[in-house]
Structure formats: C-alpha cells, structure tokens
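Engineer:
Encoded structure:
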C-alpha cells in the first residue's frame with residue numbers, strides 16, 4: 144500500500160485521485176476558444192470601420208443642399224441651398240400667408256387677418272426641417288440620400304395676438320339667447336323671434352385657425368356651443384294661434400243687466416294683455432286695471448250710477464259739506480271675470496255678462512266734515528280800472544278758482560286750476576307785460592287774480608311754494624306782495640300745511656265806465672295762527688327808465704314807471720308771541736316812457 148500526499152489547491156501540477164484511477168485536465172479546448180474570440184473581434188472592428196466609412200461618405204455626399212425631392216407646402220425646393228430655398232419659399236407663399244382666413248361661426252362667415260392674429264411662416268425652420276444644410280444627425284443624412292419628402296411649412300405663432308384675435312371673433316359672434324315674445328300694439332300682434340345662444344370655444348378656435356392657416360383656401364368652421372332658448376319661435380307660434388289671434392278677432396259684447404250693454408273692442412283687449420315666460424311657453428295675462436281703464440268710454444255709456452265723493456262748497460256765502468253718494472259700477476275684477484272666459488271664442492259666443500258691484504265714494508261725508516272748513520283765515524281784495532277784457536278774464540279766473548278744495552298737504556297751482564288761457568277756455572285778448580312793455584295777449588289781466596290769491600294765501604299763513612312778482616310795479620298792488628303767471632313758465636303755488644282743509648273762494652265785482660271793478664279771494668279753514676302780521680314793504684334803491692319811441696304796429700303808449708327794491712316779511716303770532724318770521728325781497732325794474740311814433744330827434 145503506497146502513501147499519497149494531500150493535494151494543494153491552485154497547483155496546476157497536482158493530481159486529484161478519485162478511486163482507483165487518476166485524471167489529467169485537458170488544455171486543447173481552451174486554446175480553440177481564444178482563437179474564436181479574436182476572430183469575432185476582428186469582424187466587429189471591420190464592421191465599425193465600414194460603418195464609419197459609410198457614415199462619413201454619406202455625410203459628405205449629402206452636402207448642404209435640400210434633398211432632390213424636397214417640397215414645402217407645395218413649393219419645390221429640391222437641390223437648393225438654404226438661402227435660395229428660403230427666398231423661393233417666401234416668394235411663392237407670401238400672398239397665401241397674408242391672405243385673410245375665412246372662418247364660419249354658427250353659419251356666419253367672417254375673416255381673420257393672419258398678421259393681426261400673429262400668424263406667419265418660419266421660413267428658416269421650414270427649410271431646415273426639409274433637409275437644408277449639413278447635419279451629423281443620421282436621420283437628416285438618410286433623408287437627403289433618399290431624396291427627401293414633402294413637408295408643411297412651419298407656422299410661427301404669436302400666442303397673445305392669436306388669443307386676442309379669437310377673442311374679437313367671440314365678441315362679434317357670441318350672442319345671448321333670447322326668448323320668442325308676443326305683444327300687442329292695440330289689436331295688432333307684435334312678435335319677436337327667438338335667438339339661440341352662441342358661445343365660441345376660443346381655445347379650440349385658436350388651435351383650429353393655427354392648424355388650418357396654410358391649408359388650401361376654404362372656410363374654417365369653428366366650434367361654438369349653440370343653446371336653444373326656453374321659449375322658441377315655434378312655441379310662440381302655437382300661443383299666437385291658440386290664444387293671441389282669437390283674443391282680438393272681434394269685439395266682446397258685455398251685458399250689464401238693466402243698465403244695458405257695451406262692447407269691449409279688440410284694441411281695448413289687446414293693450415291690456417301681456418305674455419309671461421313660464422314653463423317653456425308664453426302664458427297670457429289680462430291686466431284687470433288696464434282693461435277697465437281702456438273700456439271706460441264704453442262702460443260710461445251704460446246707465447250706471449257713479450259714486451260721488453263728499454266735498455265742501457260755498458253755498459249762500461258760506462262753506463257747506465256736500466255728502467258723498469254711493470253708486471254701482473263695473474269693477475276691474477268683475478269685468479275681468481266676465482271677459483276672460485270668452486276671449487278665445489268666436490261669433491255669438493263672444494258675449495259675456497258682468498256683475499254690477501256697489502261703488503263707495505272714496506272721500507266720505509265724515510271725512511269732509513273733519514276737514515274743519517268753517518272760518519275765513521285769509522282774505523284779500525284788489526281793484527282794477529274799467530275794461531271789458533278785465534271783467535271777462537278776471538271774472539273767468541275767479542270762476543275757475545272758486546270752490547277749489549285743498550286737503551291737508553295738497554298744493555295749489557294756479558296754472559293747473561286755470562288751464563291754458565285760450566278763447567276756447569273762456570278768455571279774451573288783454574294786456575300783459577313782456578320785456579318791460581305792455582302788449583296784447585289772450586288772457587291779459589289774469590295776473591291780477593294771481594296777486595289777489597297770493598295775498599289771501601299770504602295772510603292765511605299758508606306755505607309759499609312758488610311765486611314771482613311783476614317786473615314793473617303797479618300802485619294798485621302792495622309793493623313786493625304780488626304774483627304773476629304765464630302759461631308754461633311762471634306759476635303761483637302754495638301748500639296747505641294747516642292740518643285742516645282749505646277752501647278757496649273767489650268772486651268779482653264787475654267794473655263799469657266810471658267805476659272800478661274788484662276781485663276778492665278768501666281762504667276758509669280752521670284758524671291755526673292768532674295773527675299773521677304783514678306790514679308794508681320798505682322801499683329803497685330807486686331807479687328811473689328812459690323815453691323810447693316805437694313805430695311798431697301794435698305800439699301802446701306807456702307812462703314811465705319807477706323802479707325800486709322792496710323788502711317785506713310776514714310774522715306768525717301765537718299766544719301773543721312771534722313764533723317765526725319769513726323775509727322777502729324783490730327788485731322792480733324801471734319802466735320806460737313809450738311814445739308811439741318817430742323819434743323827433745332822429
């Protein structure tokens with residue numbers, strides 16, 4: 144038996160014995176693999192060198208000109224260098240690039256200027272992307288070597304300008320929706336067609352305009368949200384046919400019992416009807432008040448007892464309460480109730496019966512008594528020289544002023560009481576002051592009624608709202624304390640601030656040749672103040688006019704009138720004490736002497 148030494152790891156010469164035999168490592172295969180690796184490396188290196196050679200060759204062959212088949216937005220630029228291609232592209236696309244862009248929004252056409260919208264062609268980039276110039280990018284080299292391909296020009300966009308241009312389109316074409324409408328002009332039906340709401344999608348519109356900028360000419364349809372209104376024209380048509388047209392097709396005969404009957408005409412009906420949007424349609428509304436007001440001329444022809452308000456009148460020289468009288472009437476609601484059901488009927492069926500209702504006076508007898516019109520609180524009389532026109536005009540004014548009742552807080556307007564001074568209103572021509580000169584006008588002399596009424600009001604302590612003295616002074620009136628009126632411009636107004644009623648009484652004593660006439664105005668009420676002190680005005684700053692000659696056909700001789708300042712007041716006395724004082728001031732202009740004829744001095 145032999146002794147074996149242990150094997151040392153890593154020693155190539157050591158032998159490992161397993162079992163009865165021994166093993167020797169093989170070294171021939173290792174040498175073979177080494178040769179294969181070297182061969183593969185050689186091939187790869189060769190291929191790399193070949194690729195580099197081909198790449199270099201391609202780079203130099205490609206050159207710096209565009210591929211032979213290069214076309215940019217329809218413009219052939221193959222074989223051109225960058226500068227020539229840019230020039231050709233600019234020349235051939237210039238007009239197209241500047242041409243207005245036609246767009247359509249909800250069927251309505253408009254145009255957009257590319258320049259204003261910030262759109263243009265980036266010529267340099269368009270040519271570069273088509274293959275101009277040298278590039279180490281193999282894709283570029285390949286494009287050139289294979290002849291290139293058509294491409295679109297590159298669009299340059301000024302985003303803020305494009306956004307603003309689209310916003311301008313939206314402002315022009317966006318529209319608020321509008322419901323269809325129905326209305327009446329008398330008995331004529333007036334219709335308003337519905338309008339869809341249109342809202343342009345501005346972001347999508349900007350993208351679409353940019354994308355289609357250089358496409359073949361055409362209309363770019365831009366997206367817009369279109370919303371139908373709640374009430375369409377078609378729905379309004381239904382309402383017209385079912386209600387509006389039948390409602391005014393013919394008059395409606397209304398029977399008022401024993402009082403008789405009257406007709407409500409289509410115009411009366413139509414002008415009282417309105418249509419309100421509700422639940423997707425137009426609902427008709429018949430206004431009871433308007434219908435009754437419109438029908439008043441017809442209703443007044445039947446024998447219906449109208450109510451009369453209580454009032455206060457001067458009878459036999461003293462105020463007396465005239466009691467209220469109730470009556471019967473066709474009320475607003477009863478007329479509405481009668482007419483509404485037959486509006487859409489035709490022929491003999493357009494007949495209704497109205498119920499008469501009790502009509503109470505608005506101002507009762509008791510209310511009239513509570514006004515306290517029982518005593519004179521202010522009175523004034525002025526006189527005037529004889530003239531027929533004065534008797535007529537001043538008399539007519541007194542007739543209209545007499546029995547004017549002012550409830551607490553109400554304001555008296557002399558122009559409103561008298562109305563326009565016309566012959567139809569009972570007035571004749573008389574003298575008025577115009578521009579400091581007396582001349583004739585219809586209603587001349589009526590200002591005397593204003594002065595008399597003003598002084599009666601002044602002494603009664605009523606509130607002065609508006610008055611204007613004459614420009615010239617007349618001795619028959621108290622200085623300063625006078626008033627004039629002129630239709631449409633100058634008025635006399637005062638307010639009843641007593642807390643009681645005020646009844647104005649006015650009457651005249653007619654003049655005759657050789658005797659003066661007079662007008663008296665009284666204020667009847669309940670005395671509030673113990674006394675209203677009204678001393679004569681203080682006069683100062685006297686002035687004089689000149690002498691003038693006039694050859695006018697309507698010239699009237701005029702005596703000179705002195706001008707001056709008038710200062711006066713009224714004091715309100717209660718329980719022996721002055722409670723308040725009101726001060727007044729007026730400046731009278733001087734009146735020239737007017738001589739009719741030619742000036743002897745030239």
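In my numbering, the protein residues as written are 144 to 745. Ideal Cβ placement from N, Cα and C applies to all residues, glycine included. Since the structure is predicted, the reported quantities are computational estimates derived from the model, not experimental observations.
#1: I need the DSSP call for residue 701, collapsed to helix, strand or coil.
#2: What number of angstroms, rounded off, separates the C-alpha of residue 692 from the C-alpha of residue 743?
#3: Where does the unbroken alpha helix (DSSP H) through residue 478 begin, and where does it stop?
#4: Checking the sheet assignment: what are the DSSP bridge partners for residue 227?
#5: Taking residue 723 as part of the alpha helix (DSSP H), name the residues at either end of that continuous run.
#6: By the DSSP assignment, the alpha helix (DSSP H) with residue 693 in it spans what residues?
#7: Please list the terminal residues of the continuous beta strand (DSSP E) segment that includes residue 597.
#8: What do you reckon, are the CB atoms on residue 438 and residue 411 nearer than 7 Å?
#9: What are the boundary residues of the beta strand (DSSP E) that residue 638 is part of?
#10: Would you call residue 458 buried or exposed, if buried means 16 or more other Cβ atoms sit within 10 Å of its Cβ?
#11: Just the C-alpha distance for residue 611 and residue 730, rounded to the nearest angstrom, thanks.
#12: Could you work out which residue in 215, 268, 695, 352 is closest to residue 254 when comparing CA atoms only?
#13: What is the DSSP secondary structure of residue 708, counted as helix, strand or coil?
#14: Relative to the C-alpha of residue 346, which candidate in 310, 219, 335, 594 has its C-alpha closest?
#15: With residue 534 as the anchor, note down where its alpha helix (DSSP H) starts and where it stops.
#16: Can you list, in chain order, the residues of its chain whose CB lies under 7 Å from that of residue 724, leaving out five sequence neighbours each side?
#17: Just the Cα atoms here: how many angstroms apart are residue 526 and residue 662?
#18: Within the same chain, show all residues whose beta-carbon is closer than 8 Å to that of residue 741, passing over the 5 residues directly before and after it, in chain order.
#19: Which whole-angstrom value is the C-beta distance of residue 685 and residue 706, which I expect to be below 8 Å?
#20: State buried or exposed for residue 245, treating a residue as buried only when at least 16 other CB atoms are found within 10 Å of its CB.
#21: Among 217, 489, 559, which residue has its Cα nearest to the Cα of residue 385?
#22: Check whether the Cβ atoms of residue 296 and residue 264 sit closer than 7 Å, and answer yes or no.
#23: What did DSSP end up calling residue 389 once you bin it into helix, strand or coil?
#24: Go ahead and pull the three-state DSSP assignment for residue 456.
#25: How about residue 536 and residue 588: do their beta carbons lie closer than 7 Å?
#26: Are the segment 588-606 and the segment 663-673 touching, with three or more C-beta to C-beta distances below 8 Å?
#27: Taking DSSP as the reference, what is the three-state secondary structure of residue 401?
#28: Can you check which of these residues, 643, 594, 570, is closest to residue 550 by C-alpha distance?
#29: Which of the three DSSP states, helix, strand or coil, is assigned to residue 655?
#30: Using a threshold of 7 Å, state whether the C-beta atoms of residue 445 and residue 403 are closer than that.
#31: Would you please state the rounded distance, in angstroms, between the beta carbons of residue 538 and residue 653? I believe it to be under 8 Å.
#32: Looking at the strands, I want to know which residues DSSP matches up with residue 606.
Structural biologist: In terms of the structure at hand:
#1: Strand, per DSSP.
#2: So the two alpha carbons sit approximately 9 Å from each other.
#3: In the DSSP assignment, residue 478 falls within the unbroken alpha helix (DSSP H) covering 475-482.
#4: DSSP output for residue 227 lists no bridge partner at all.
#5: No alpha helix (DSSP H) holds residue 723; the beta strand (DSSP E) holding it covers 720-730.
#6: Not the alpha helix (DSSP H): residue 693 falls in the beta strand (DSSP E), residues 690-693.
#7: In the DSSP annotation of this structure, residue 597 is not part of any beta strand (DSSP E); the continuous alpha helix (DSSP H) holding it starts and ends at 590-603.
#8: Contact: yes.
#9: That run of the beta strand (DSSP E) goes 636-638.
#10: Looking at its Cβ environment, which holds fewer than 16 other Cβ atoms inside 10 Å, residue 458 is exposed.
#11: Cα to Cα, residue 611 sits roughly 11 Å from residue 730.
#12: Closest by alpha carbon: 352.
#13: In the structure shown, residue 708 sits in a strand (DSSP, three-state: E or B).
#14: Checked all of 310, 219, 335, 594; the closest Cα to residue 346 is 310.
#15: Unbroken alpha helix (DSSP H) run through residue 534: 531-544.
#16: If we look at residue 724 and ignore the five residues flanking it on each side, its Cβ neighbours are 712, 714.
#17: Using only the alpha carbons, I get a separation of about 7 Å.
#18: Counting only Cβ-Cβ distances below 8 Å, and skipping sequence neighbours, we find 692, 694.
#19: Right, the Cβ-Cβ distance comes to about 7 Å (below 8 Å), so this counts as a contact.
#20: Per the 10 Å Cβ criterion, exposed.
#21: Minimum Cα distance to residue 385 is reached at 489.
#22: Yes, the pair counts as a contact, with Cβ atoms nearer than the cut-off.
#23: Secondary structure at residue 389: helix, using DSSP grouped into helix, strand and coil.
#24: It is a strand residue.
#25: With contacts defined as CB atoms closer than 7 Å, residue 536 and residue 588 qualify as a contacting pair.
#26: Short answer: they touch.
#27: Collapsing the DSSP output to three states places residue 401 in a helix.
#28: Distances from the CA of residue 550 to each of 643, 594, 570 were compared; the closest alpha carbon is that of 643.
#29: Residue 655: strand per DSSP, three-state reduction.
#30: Taking the C-beta atoms as reference points, residue 403 is found nearer than 7 Å to residue 445.
#31: Between residue 653 and residue 538 the Cβ distance is about 7 Å, and since that is below 8 Å, they are a contact.
#32: Answer by DSSP bridge pairing, in chain order: 638.
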